[in-house]
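Trainee: The structure is given below, and queries will be raised subsequently.
Number of protein chains: 2
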Amino acid sequence: MPRRRSLTTDQLAAAALAVVDRDGLAALTMRTVAQELNMGTMSLYRYVSDREQLERLVVELVLGGVDFTVPDLPTWQECVAEICERIRLAVQAHPAVVPLLLLHRHASPGVRRSGEALLGIMARAGFSGERRVIAFRALLAYLVGALQAEGLGPLSGPGTEALAALGEQYPYLAETAVTARNVSPQREFGEGLALVLRGLTP
Amino acid sequence: MPRRRSLTTDQLAAAALAVVDRDGLAALTMRTVAQELNMGTMSLYRYVSDREQLERLVVELVLGGVDFTVPDLPTWQECVAEICERIRLAVQAHPAVVPLLLLHRHASPGVRRSGEALLGIMARAGFSGERRVIAFRALLAYLVGALQAEGLGPLSGPGTEALAALGEQYPYLAETAVTARNVSPQREFGEGLALVLRGLTP
DNA sequence: CTTCGTAGGCGTACGTTGTACTCTTACGAA
DNA sequence: TTCGTAAGAGTACAACGTACGCCTACGAAG
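Just so you know, the sequences run in chain order A and B. Everything in the first sequence is counted per this note's numbering, starting at 1 for the first residue and increasing by one. Everything in the second sequence is counted per this note's numbering, starting at 203 for the first residue and increasing by one.
Here's what the structure looks like:
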């Protein structure tokens with residue numbers, strides 16, 4: 001068997017992630033990633049069959065850094081919160097990949113591992129049957145929605161500023177936007193999660 | 203002033219929505235929409251400046267059918283649930299547009315109106331200040347996450363089937379997937395929302 | 001009724017994307 | 001040393017968004 005591959009998939013994913021971090025998700029093209037690696041464009045297809053698969057590699061790289069072992073904390077709520085916070089931290093480091101997380105959450109081992117971890121905690125907490133299904137999916141919905149909100153426009157971002165401006169038409173929205181300036185992303189995420197967890201009962 | 207426009211923006215949006223409903227979001231191109239209207243591709247640019255703006259028109263059309271007047275129900279939780287359910291119904295009729303809703307939620311009047319309605323209910327319920335910001339954003343996160351989950355792969359869809367299959371590696375996930383087959387989208391949405399609302403306190 | 005300017009509609013063309021196909025060549029096994 | 005295989009690169013094409021410029025239908029002005 002001739003010739004070793006000059007790249008590992010991790011290196012490929014790292015290059016793609018570097019492009020995304022530097023120039024945004026729109027810059028993630030086969031050509032730019034190939035340039036990043038000083039390779040021909042078509043050479044990438046020796047490692048991935050698709051542009052989609054390249055995206056999946058990026059997702060896996062981001063989620064690969066997350067430790068999904070269940071922490072040893074007094075309550076199951078704290079365990080769930082800790083796992084979620086770990087995910088948030090990993091994702092927050094690469095805000096531009098959030099849309100990719102959503103697109104590929106079906107086919108991603110990382111996403112599956114996170115689900116398995118959360119479900120395990122909930123099962124030990126006494127959730128079972130359809131109740132657990134509902135609770136798990138609700139938790140996931142919040143997680144996904146919150147990550148996306150943070151990635152696409154944090155509370156203290158320009159979008160919020162714009163909202164604060166047009167106060168005539170949307171008074172509540174404007175007032176909320178003003179107040180939101182003092183809420184950090186991690187406070188929003190943490191307290192919102194605490195709020196959801198309060199509603200979760202086995 | 204010469205020559206009337208042969209199209210209203212509503213007709214344009216309707217054509218675009220028809221394309222998306224029929225052939226999926228990927229089929230939403232300037233060319234296909236132009237064909238749908240029996241027009242030249244470039245003619246569309248007399249009505250929109252961008253492909254993005256065309257997408258916004260679609261979002262507005264979908265959300266335009268939603269009644270955001272606050273219903274007269276005993277509790278504020280029921281009011282919120284009712285508004286959310288109306289949104290869900292409107293979106294559910296056009297599952298493929300969910301990604302567009304997320305992309306344009308910043309610049310969409312429809313999204314703003316929904317936010318204003320929900321904030322109004324919460325304000326009357328006694329929420330104020332940062333507490334209201336957190337609660338509102340958490341509710342929105344759930345809403346967005348749940349709509350997306352439903353749009354991309356409902357509980358009884360093929361993705362869930364696939365999960366049920368690989369039981370060795372992810373036992374909890376597989377068991378959950380099996381149970382999830384009996385949970386309808388509206389039950390998942392409604393009960394998940396009820397769960398989040400239980401955690402919301404003014 | 002005629003004329004005219006404006007704006008609606010369209011055809012062409014260019015840059016960018018993903019990727020199919022083909023060729024060259026480096027390298028491990030023999 | 002040789003040789004087959006797989007790595008890597010170049011070329012090319014279809015589909016995309018859209019800049020540009022032309023033609024022309026039509027409301028207003030005479």
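Built from N, CA and C at the ideal position, the CB exists for glycine as well. Note that the structure is a prediction, hence the values are computed from the model and not measured.
If you run the structure through DSSP and keep just helix, strand and coil, what is E370/B?
Mentor: E370/B falls in the coil class under three-state DSSP.
Trainee: For A228/B, name the three-state secondary structure that DSSP assigns.
Mentor: Helix at A228/B.
Trainee: My output table needs one value for S49/A: the three-state DSSP class, helix, strand or coil.
Mentor: DSSP places S49/A in coil when its eight states are reduced to three.
Trainee: Does the beta-carbon distance from H378/B to L57/A come in below 7 Å?
Mentor: A small correction: the amino acid at residue 378/B is Thr; His does not occupy that position in the sequence shown. No. Outside cutoff.
Trainee: Which residue from G242/B, T210/B, E262/B puts its Cα closest to that of V313/B?
Mentor: The candidate whose alpha carbon is nearest that of V313/B is E262/B.
Trainee: With H, G and I counted as helix, E and B as strand and the rest as coil, what does DSSP make of A141/A?
Mentor: Looking at A141/A - three-state DSSP - the assignment turns out to be helix.
Trainee: Label L291/B either buried or exposed according to how many other C-beta atoms from any shown protein chain fall within 10 Å of its C-beta, with 16 as the threshold for buried.
Mentor: The residue in question, L291/B, is exposed, as its Cβ has fewer than 16 Cβ neighbours within 10 Å.
Trainee: Output yes if chain A places a C-beta closer than 7 Å to the C-beta of I285/B; else output no.
Mentor: So no, I285/B is outside the interface.
Trainee: How would you write the range of the alpha helix (DSSP H) that L320/B sits in, first residue to last?
Mentor: That run of the alpha helix (DSSP H) goes 311 to 326.
Trainee: Mind checking the segment 122 to 143 of chain A against chain B and listing, in chain order, the residues whose C-beta falls within less than 8 Å of any C-beta there?
Mentor: From the segment 122 to 143 of chain A, only A123, G129, E130, R132, V133, I134, A135, F136, R137, A138, L140, A141, Y142, L143 have a Cβ closer than 8 Å to chain B.
Trainee: Of all the residues that make up the segment 106 to 122 of chain A, which are near chain B by a beta-carbon distance shorter than 7 Å?
Mentor: Those residues of the segment 106 to 122 of chain A that come within reach of chain B (Cβ to Cβ, closer than 7 Å) are H106, R112, G115, E116, L119, G120.
Trainee: Assuming V264/B contacts H306/B (C-beta within less than 8 Å), just tell me the rounded distance between them.
Mentor: That pair is no contact at about 11 Å.
Trainee: So that I know if they touch, is there some Cβ in chain B lying closer than 7 Å to that of E188/A?
Mentor: Chain B contact via Cβ: present.
Trainee: Which of helix, strand or coil does DSSP assign to G151/A?
Mentor: Three-state result, G151/A: helix.
Trainee: The alpha helix (DSSP H) spanning R86/A covers which residue range?
Mentor: Its alpha helix (DSSP H) spans residues 76 to 92.
Trainee: A205/A and A174/A: beta carbons closer than 7 Å?
Mentor: This structure cannot settle anything about residue 205/A, because the visible part of chain A is limited to 1 through 202.
Trainee: Would a check of beta-carbon distances place T9/A closer than 7 Å to chain B?
Mentor: For T9/A, the answer is no, since every Cβ of chain B falls outside 7 Å of its Cβ.
Trainee: How would you list, in chain order, the residues of chain A whose beta-carbon sits under 8 Å from the beta-carbon of V293/B?
Mentor: Per Cβ cutoff of 8 Å: no residues; V293/B is ~14 Å from chain A at best.
Trainee: Using a Cβ-Cβ cut-off of less than 9 Å, give me the residues of the segment 62 to 79 of chain A that come near chain B, in sequence order.
Mentor: Those residues of the segment 62 to 79 of chain A that come within reach of chain B (Cβ to Cβ, closer than 9 Å) do not exist; the list is empty.
Trainee: Please list, in chain order, all residues of the same chain as Q350/B whose beta carbon is under 6 Å from its beta carbon, the five residues on each side excluded.
Mentor: Within the same chain, Q350/B has close Cβ partners V300.
Trainee: If we cut at 7 Å on Cβ distances, does T160/A have a partner in chain B?
Mentor: Output row for T160/A: interface = no.
Trainee: Could you tell me which of V91/A, G192/A, S43/A sits nearest to T9/A, measuring between CA atoms?
Mentor: Minimum Cα distance to T9/A is reached at S43/A.
Trainee: Quick one: which chain B residues come within Cβ less than 8 Å of L197/A?
Mentor: The answer, in chain order, is G401.
Trainee: In chain B, which residues lie with their C-beta within 8 Å of the C-beta of T41/A?
Mentor: Simply none; closest approach about 22 Å.
Trainee: Would you kindly work out how many angstroms separate the C-alpha atoms of D50/A and T231/B, rounded to a whole number?
Mentor: Their Cα atoms are separated by approximately 21 Å.
Trainee: Taking 7 Å as the cut-off, decide whether the C-beta atoms of V183/A and E332/B are in contact.
Mentor: Closer than 7 Å, so yes.
Trainee: Which value, in whole angstroms, describes the spacing of the CA atoms of T403/B and V222/B?
Mentor: So the two alpha carbons sit approximately 40 Å from each other.
Trainee: In terms of residues, what are the limits of the alpha helix (DSSP H) holding L239/B?
Mentor: Where L239/B is concerned, there is no enclosing alpha helix (DSSP H), given that its DSSP letter is neither H nor E.
Trainee: Taking CB distances under 7 Å as the criterion, tell me whether L375/B reaches chain A.
Mentor: It does; some Cβ of chain A falls within 7 Å.
Trainee: Candidates R124/A, A123/A, E36/A: which alpha carbon is nearest L7/A's?
Mentor: When only C-alpha atoms are compared, the closest one is E36/A.
Trainee: Can you tell me where the alpha helix (DSSP H) with R405/B in it begins and where it stops?
Mentor: Nothing about residue 405/B can be reported from this structure: the residues present for chain B run from 203 to 404 only.
Trainee: Does the Cβ-Cβ distance between I134/A and E393/B come in under 7 Å?
Mentor: Yes, the Cβ-Cβ distance between I134/A and E393/B is below 7 Å.
Trainee: For a quick check, are the C-beta atoms of C84/A and L140/A less than 7 Å apart?
Mentor: Not a contact, by the Cβ cut-off of 7 Å.
Trainee: What residues of chain B sit near Y170/A, judged by a beta carbon separation below 7 Å?
Mentor: In chain order: R314, E318.
Trainee: Does any C-beta atom of chain B lie closer than 7 Å to the C-beta of G192/A?
Mentor: Taking Cβ atoms only, chain B reaches closer than 7 Å to G192/A, which makes this a yes.
Trainee: Comparing C-alpha positions only, which one of A319/B, I289/B, L227/B, A340/B sits nearest to E278/B?
Mentor: Contrary to the premise, residue 278/B reads as Trp rather than Glu in this sequence. The shortest Cα separation from W278/B among A319/B, I289/B, L227/B, A340/B belongs to A319/B.
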